[in-house]
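What follows is a set of notes on a single structure, which appears directly below.
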Ligand code: AMP
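Residue numbers (our numbering): 0 to 182.
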């Protein structure tokens, strides 16, 4: 089964459009037979995307470090919850399980996860497609930072293509799945 690893906020953000996009992504994944790998939380956009996949009858795998595996945080309906000793093991497990990555809006946890898979792709440690779902222009400053880095000579222009950006979850998924098939 093709699985997409989703990075997203442990909060829902101030606008309902964020949760709506996360729900839509979950449903579109299930309709394409794509499984979800994610951080295992039941809170914020993490909970929203996992709920959407579960409600539509899809596969969800949560990978959560021991310290975060407390009842208030961990999703209680995810049957395949893998509790790992630390963040390093979590990253390795998420990576082993997935064929592509999608980042939704979030905080530093989401940014850290996104930047890591970008850096690793740049170093050719993996060749998996990476997508950014730009809800409400949230990733505008991120895209500007990448552009600035290229303009100032810190990034090769071709590395603009390390990831794709879309505003529609269905379009983003179709792009990534096409690329995942090609890898
Ligand atoms: P943030 O964007 O800072 O809210 O962090 C969310 C990202 O970091 C998610 O994609 C998770 O993989 C991880 N993460 C942060 N907080 C939690 C939590 N309480 N439970 C599980 N994963 C979390």
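For each residue, glycine too, the CB sits at the ideal point set by N, CA and C.
Remember, predicted model here, so these are calculated numbers, not experimental data.
Quick check on residue i: does DSSP put it in helix, strand or coil?
i	result
residue 116	helix
residue 14	coil
residue 36	strand
residue 21	helix
residue 79	strand
residue 183	Examination of residue 183 is not possible in this model, given that the chain is present from 0 through 182 alone.
residue 111	helix
residue 130	strand
Could you compute how far the alpha carbon of residue i sits from the alpha carbon of residue j?
i	j	result
residue 126	residue 79	26 Å
residue 161	residue 113	11 Å
residue 75	residue 145	37 Å
residue 120	residue 94	12 Å
residue 167	residue 139	15 Å
residue 85	residue 68	11 Å
In terms of residues, what are the limits of the alpha helix (DSSP H) holding residue i?
i	result
residue 49	43–54
residue 6	First-last for residue 6: 2–6, but that is the beta strand (DSSP E), not the alpha helix (DSSP H).
residue 93	86–96
residue 144	139–150
Spatial neighbours of residue i within its chain, please: CB distance less than 8 Å, with the 5 preceding and 5 following residues excluded, ordered by chain position.
i	result
residue 165	130, 131, 132, 133, 171, 174
residue 3	28, 33, 34, 35, 36, 97, 98, 99, 100, 101, 172, 175
residue 83	62, 63, 64, 65, 89, 92
residue 204	The requested residue 204 is not part of the displayed model; the chain covers only 0 to 182.
Can you say whether residue i is buried or exposed, counting buried as having 16 or more other CB atoms within 10 angstroms of its CB?
i	result
residue 89	buried
residue 32	exposed
residue 50	buried
residue 181	In this prediction, residue 181 has a pLDDT of 44, which is less than 50 and means its spatial position is unreliable; nothing more can be read from the coordinates.
residue 159	exposed
With a threshold of 8 Å between beta carbons, is residue i in contact with chain B?
i	result
residue 119	Looking for chain B here will not work: only one protein chain is present.
Start and end of the beta strand (DSSP E) containing residue i?
i	result
residue 72	No beta strand (DSSP E) contains residue 72, which DSSP labels as neither H nor E.
Between which residues of its own chain and residue i is the CB-CB distance below 7 Å, once the five residues before and five after are set aside?
i	result
residue 26	51, 55
residue 151	none
residue 42	9, 72
Between residue i and the rest of its own chain, which residues show a CB-CB distance below 6 Å, the 5 nearest in sequence each way excluded?
i	result
residue 163	130, 174
Does ligand 2 have a heavy atom nearer than 7 Å to the CB of residue i?
i	result
residue 109	Only ligand 1 can be found as ligands here, which leaves ligand 2 out of the picture.
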